[in-house]
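**Q**
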Amino acid sequence: MHLIGAVALAVCFGTCAVSAGIIDHPDYASVAGLTHEEVELYERSIKVVGAQPLPPAPTDTSFKLVHDKNHPFVKAKSGDQRGPCPGLNTLASHGYLPHNGVATPAQIMNAVMEGFNMEYIAAMLVTYGAFIVNGNHLTNLISIGGMSSKTGPAPKPPALAGGLSVHGTFEGDASLTRSDDFLGNNHDLNLTLFNHMVDYMDKFGNGRYNIHAAAEYRFARIQESIATNPWFFFGNPRFATGYAESTFPLEFFSNDSTIDWERGTSLENVKSFFLEHKFPDGFHRRGTPFTPSGGTHPMQPGMNIGRVNSYTPVDFNQGETRGTCALYTRFVRVTLEMYPHPTKELSKALAGNIHNFFQAVKDVGCTELFPFN
Ligand code: HEM
Ligand SMILES: *[C@@H]1O[C@H](CO)[C@@H](O)[C@H](O)[C@H]1NC(C)=O
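Numbering-wise, the sequence shown is residues 1 to 373 according to our numbering.
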């Protein structure tokens, strides 16, 4: 029983005590380039929006109907972006996010708070962590799936405003229902994996996605990646997000006013979100804001080193004492690597968004970084 494993999920969002080493994965540096002149020309031709103020915290966090008549299900049409996150995909189907799957960070924060009752600071942390590495800082838009011209022209490589599906920035290995990027399609649901998840629900959760199914399946997916993906990476940030996402179905896809980890959520709900990107009929969001929180973990953060079954521990914290600060530092450092020579306008937008991101970790006591000021 790997119960602790899934409880750990949030671990590193809060107080991850795992320790340290820096391994960089510049998988994002893969797009053919624009010259500096082309970029400047381009910047003059688009409307530069730049970083915007954070949305306010919500006032209403009650249990309420969210699959209501103002938010009917509309299936994605060709050209609409959908990606590795069943939560955001569903919000786009119901108009909590634009149906085309291209949104501002404020729209994403508001949508996850309104549609799922994700807690304000948690929503800020996840949204801005993803935005600074996968979003377009000049247009203030991000795709919840793959690269899209709707977010505006691509920045100069190695930057890549490629959306959430870009591997090795936010998106990572050992997902519940998506293949490791090295092994296949990292963003669309893989039905074989989905069926494995359902097997674990049958075996450990009485047919439901509960804490036991979540914990066992999380552990199994890690073991599968260790055994099949020579470049399996489960360090910073993926260790924290991977564990966290395992509990998201328990926390967000349940229709009950009180979340019960033993009870979990039904197969019907799991199918609706994962397979159809749809709120089940009559779906109510949870009755309390959810923020990932503490625990411990049986797995060490680590990675395979070029061959299968070579899992080697890595230091998640990378010199930081607090896991949340390590996560913050990691995302900021990756962003800095992506934008080695930003133009003035771009520096300003980057600095603004990184400052917004810091608001999610300042109460933990992290040191603010100013790479673009
Ligand atoms: C706050 C903004 C959010 C962002 C930017 C975001 C982004 C992502 C990304 C990039 C992944 C892929 C990670 C991977 O598997 O490699 C992911 C996975 C996932 N997200 Fe989100 N997410 C957000 C909020 C939510 C919410 C509110 C929910 C639930 C309602 C949710 C549920 C999930 C689940 C269950 C997965 C795992 C899917 C799988 O492994 O098959 N997310 N998310
Ligand atoms: C789906 O997952 C299975 C099991 O890991 C794998 O064998 C298959 O290649 C995957 N398919 C795709 C399209 O990635």
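For every residue, glycine included, the Cβ atom is placed at its ideal position computed from N, Cα and C.
Is any heavy atom of ligand 2 found at a distance shorter than 7 Å from the C-beta of N185?
**A** Reading the sequence shown from its first residue, position 185 is the one you call residue 185. Yes, Cβ of N185 sits closer than 7 Å to a heavy atom of ligand 2.
**Q** Could you tell me whether any non-hydrogen atom of ligand 1 is closer than 7 Å to the CB of S175?
**A** Taking the sequence shown and counting its residues from 1, one reaches residue 175 at position 175. Result yes, Cβ under 7 Å from ligand 1.
**Q** In the DSSP assignment, what are the bridge partners of F233?
**A** Here residue 233 corresponds to residue number 233 of the sequence shown, with the count starting at 1. In DSSP, F233 forms a bridge with M303.
**Q** If you reduce the DSSP assignment to three classes, tell me which class S225 lands in.
**A** Position 225 of the sequence shown holds residue 225. In this structure, S225 counts as helix in the three-state DSSP scheme.
**Q** For Y209, which of helix, strand or coil comes out of DSSP?
**A** Position 209 of the sequence shown holds residue 209. Y209 falls in the strand class under three-state DSSP.
**Q** Identify whether T312 lies in helix, strand or coil by the three-state DSSP scheme.
**A** Along the sequence shown, read from residue 1 onward, the residue named residue 312 stands at position 312. Strand at T312.
**Q** Am I right that V334 and T169 are in contact with their C-beta atoms under 8 Å? What's the rounded C-beta distance?
**A** In the sequence shown, residue 334 corresponds to position 334, counting from 1. In the sequence shown, residue 169 corresponds to position 169, counting from 1. Indeed, because the Cβ distance is near 6 Å, the residues count as touching under 8 Å.
**Q** Just how far apart, CA to CA, sit V112 and G87?
**A** In the sequence shown, counting from the first residue as 1, residue 112 sits at position 112. In the sequence shown, counting from the first residue as 1, residue 87 sits at position 87. Distance between the alpha carbons of V112 and G87: 8 Å.
**Q** H94 and F248: beta carbons closer than 8 Å?
**A** Working through the sequence shown from its first residue, we reach residue 94 at position 94. Working through the sequence shown from its first residue, we reach residue 248 at position 248. Not closer than 8 Å, so no.
**Q** When the Cα of T228 is compared with those of V308, Y96 and S175, which residue comes out closest?
**A** In the sequence shown, counting from the first residue as 1, residue 228 sits at position 228. Of the listed residues, the one whose Cα sits closest to T228 is V308.
**Q** Measuring CA to CA, which of T291, G282, P371 and I142 is closest to H71?
**A** Walking along the sequence shown from the start, residue 71 turns up at place 71. Per the Cα distances, G282.
**Q** Is V102 helix, strand or coil by DSSP?
**A** Taking the sequence shown and counting its residues from 1, one reaches residue 102 at position 102. Strand.
**Q** Which residue or residues does DSSP assign as beta-bridge partners of M118?
**A** For the purposes of this step, residue 118 is identified with residue 118 of the sequence shown, where counting begins at 1. Bridge partners of M118: F290.
**Q** Quick one: residues in its chain with C-beta nearer than 8 Å to the C-beta of R330, no 5 flanking neighbours on either side, listed in chain order?
**A** As a position in the sequence shown, residue 330 is number 330, starting the count at 1. Same-chain partners within the cutoff: N236, P237 and Q318.
**Q** When you compare only the Cα positions, how much space is there between I108 and Q300?
**A** Translated into the one-based positions of the sequence shown, residue 108 becomes position 108. Translated into the one-based positions of the sequence shown, residue 300 becomes position 300. Roughly 31 Å between the two C-alpha positions.
**Q** Report yes if the CB atom of L189 is closer than 8 Å to the CB atom of L275, and no otherwise.
**A** Position 189 of the sequence shown holds residue 189. Position 275 of the sequence shown holds residue 275. Cβ distance < 8 Å, so L189 and L275 count as in contact.
**Q** So, for A123: in the same chain, excluding its five sequence neighbours on each side, which residues have a beta-carbon less than 6 Å away from its beta-carbon?
**A** For the purposes of this step, residue 123 is taken as the residue at position 123 of the sequence shown. Around A123: M109, V112 and M113.
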